[in-house]
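In the numbering used here, the protein residues as written are 90 to 444. Don't be surprised by glycine CBs; every beta carbon is placed ideally from N, CA and C. Notes to accompany the following structure.
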Amino acid sequence: MTVDPRKFYQAKYKTIGDIPGVGDATVAKLRELGITTVENLVTMSARDLVKEGIGDETADKLIAAARKAIALTFIKGNDLLELRKNQMALTTGCTALDKLLTGPSGKSGLPTQSISEFFGEFGSGKSQLCHQLCVTAQLPEEQGGLGGSVLYIDTESVFLPERVIEIAARFPHFADDPKRALKGIIMAQAFTSEHQIVLLEAADEIIKDNNVRLIIIDSLTSHFRGEYIGRENLAPRQQKLNQHMHKLIRLAMAFNAVAVITNQVSTTPDAYSFEPKPIGGNIVGHIAHTRVFIRKGRNTLRILRILASPFMPEGEAPMNLDKYGMHSDEDITHLEEPEPEPEPEPEPEEFNIDI
Ligand code: GTP
Ligand code: MG
Numbered sequence: 090m091t092v093d094p095r096k097f098y099q100a101k102y103k104t105i106g107d108i109p110g111v112g113d114a115t116v117a118k119l120r121e122l123g124i125t126t127v128e129n130l131v132t133m134s135a136r137d138l139v140k141e142g143i144g145d146e147t148a149d150k151l152i153a154a155a156r157k158a159i160a161l162t163f164i165k166g167n168d169l170l171e172l173r174k175n176q177m178a179l180t181t182g183c184t185a186l187d188k189l190l191t192g193p194s195g196k197s198g199l200p201t202q203s204i205s206e207f208f209g210e211f212g213s214g215k216s217q218l219c220h221q222l223c224v225t226a227q228l229p230e231e232q233g234g235l236g237g238s239v240l241y242i243d244t245e246s247v248f249l250p251e252r253v254i255e256i257a258a259r260f261p262h263f264a265d266d267p268k269r270a271l272k273g274i275i276m277a278q279a280f281t282s283e284h285q286i287v288l289l290e291a292a293d294e295i296i297k298d299n300n301v302r303l304i305i306i307d308s309l310t311s312h313f314r315g316e317y318i319g320r321e322n323l324a325p326r327q328q329k330l331n332q333h334m335h336k337l338i339r340l341a342m343a344f345n346a347v348a349v350i351t352n353q354v355s356t357t358p359d360a361y362s363f364e365p366k367p368i369g370g371n372i373v374g375h376i377a378h379t380r381v382f383i384r385k386g387r388n389t390l391r392i393l394r395i396l397a398s399p400f401m402p403e404g405e406a407p408m409n410l411d412k413y414g415m416h417s418d419e420d421i422t423h424l425e426e427p428e429p430e431p432e433p434e435p436e437p438e439e440f441n442i443d444i
């Protein structure tokens, strides 16, 4: 029987104090630096730790142990296959979208251990989908969920508990008490891009303690876009975004979680295509594995398109966005009340127009 190397080391090094040769003083020192879990450690380099006053040898040992625990080091193909076997898929609660999101493994939904991006213009339904995923992530695995809770980093103050309750009501798991869906959501508002970064940097412990399996950043780019204005700020903006996205991918891998980001499309016309371009440029594009473009149609119609991804073929399909959230027709037929008999049309009155 093969052993998942990550599980092996995770069990071995549950806390930083479990790593051989690490004493209470180092644990305390790391805590001062905001490093409280093994997953935290892996986001640091040995040099960072030495700079903060931790001995060379200890720093190396710490980083090596942390990397083993979350498998962010060189890894053999067969071990990688083992890790991939643990990859799960989170249902979106929308059958047509899940169908589009079917990977080579046959699993349907948003893959864990990676970042999924929803992008589209204002009102296309990115935040509505995030609310919906807050519900589906809490569903048991046999219903396509991850059986875990959700961390929602809200940068535009759009999170509405009432909407979660409303959407939860259509899922049998929550039908008896849709309010229950709120208990599994941890919400944090980010007021600036720096605040947003810090919230995620400090999230390891919360994620671990609450069995968070879905991390949402809605929206990833709004603060960055507002704060880093002008060409001269493009490079520092991309550098910060890069760092932020890497933290996110590490968390998704360490906790076998789904990471979701939203992104508005830029209205700047592009000389080469009429396609809207997501904000954030190449960095976001290269790190996000699954990219879903939402296009607004008439009224409640939305067209969702999967862009090329290593996990899924390209494809698009229509869906509805309304009080039930994002769904295909078959998702709500069991809830539809029968159409009331139409009132008989009154006989049209005769018009007598005197000229
Ligand atoms: P930005 O954040 O502005 O870029 O937009 P977004 O893509 O996040 O849009 P959002 O998810 O907030 O979608 C809002 C849209 O959802 C509304 O304009 C409505 O068209 C649609 N919607 C349909 N039914 C409902 C409903 O019952 N409640 C709400 N809040 N929105 C609904
Ligand atoms: Mg939004």
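- P200 is bridged by DSSP to A178.
- For Q353, the Cβ falls inside the 6 Å cut-off from some heavy atom of the ligand GTP.
- By the 16-neighbour rule on beta-carbons within 10 angstroms, H416 is buried.
- Residue state for M133 is assigned as coil, using DSSP reduced to three classes.
- Judged by their CB atoms, L390 and P407 are nearer to each other than the 7 Å cut-off.
- Distance from Q202 to M342 at the Cβ level is roughly 5 Å; contact confirmed, criterion being Cβ atoms closer than 8 Å.
- An exposed status is given to F280, since fewer than 16 other beta-carbon atoms sit within 10 Å of its beta-carbon.
- Within the chosen limit of 6 Å, the ligand MG reaches the beta carbon of K215 through at least one heavy atom.
- DSSP places T184 within a helical segment (H, G or I) once states are collapsed to three.
- Contact between C223 and V239 holds: CB atoms are separated by about 5 Å, below the 8 Å threshold.
- Shown here, A277 sits in a strand according to DSSP, grouped into three states.
- Non-local C-beta neighbours of T180 in its own chain, meaning closer than 8 Å and more than five positions away in sequence, comprise D187, S197, G198, T225, L228, Q232, G233 and G234, ordered along the chain.
- In the three-state scheme derived from DSSP, where H, G and I count as helix and E and B as strand, P261 is classed as helix.
- With a threshold of 6 Å, the Cβ atom of F211 counts as near the ligand GTP, since some heavy atom of the ligand is closer than that.
- In terms of Cβ geometry, T126 and T147 do not form a close pair [threshold 7 Å].
- Counting along the chain, no beta strand (DSSP E) covers A226, and no H or E run does either.
- In the structure shown, K385 falls within a strand segment according to DSSP collapsed to helix, strand and coil.
- Assignment of L170 by DSSP, reduced to helix, strand and coil, places it in the helix class.
- In the DSSP annotation of this structure, the continuous segment of the beta strand (DSSP E) that includes D243 starts and ends at S238 to D243.
- At a threshold of 6 Å, K412 counts as near the ligand GTP, since its beta carbon sits closer than that to one of the ligand's heavy atoms.
- Within its own chain, the residues whose Cβ lies closer than 8 Å to the Cβ of N409, once the five positions on either side in sequence are excluded, are T389, L390, R391, M415, H416, S417 and D418, listed in chain order.
- Cβ contact annotation for L288 (same chain, cutoff 6 Å, sequence separation greater than five): I242, A277 and A279, in chain order.
- Counting C-beta pairs closer than 8 Å gives fewer than three between the segment 263 to 277 and the segment 307 to 318, which falls short of the contact rule.
- Beyond the five residues adjoining it in sequence on each side, K268 comes within less than 7 Å, by CB distance, of I254 in the same chain, given in chain order.
- Between C219 and V349, the beta carbon gap of about 6 Å places them in contact (Cβ cut-off 8 Å).
- K157 sits buried, since 16 or more C-beta atoms from the chains shown fall within 10 Å of its C-beta.
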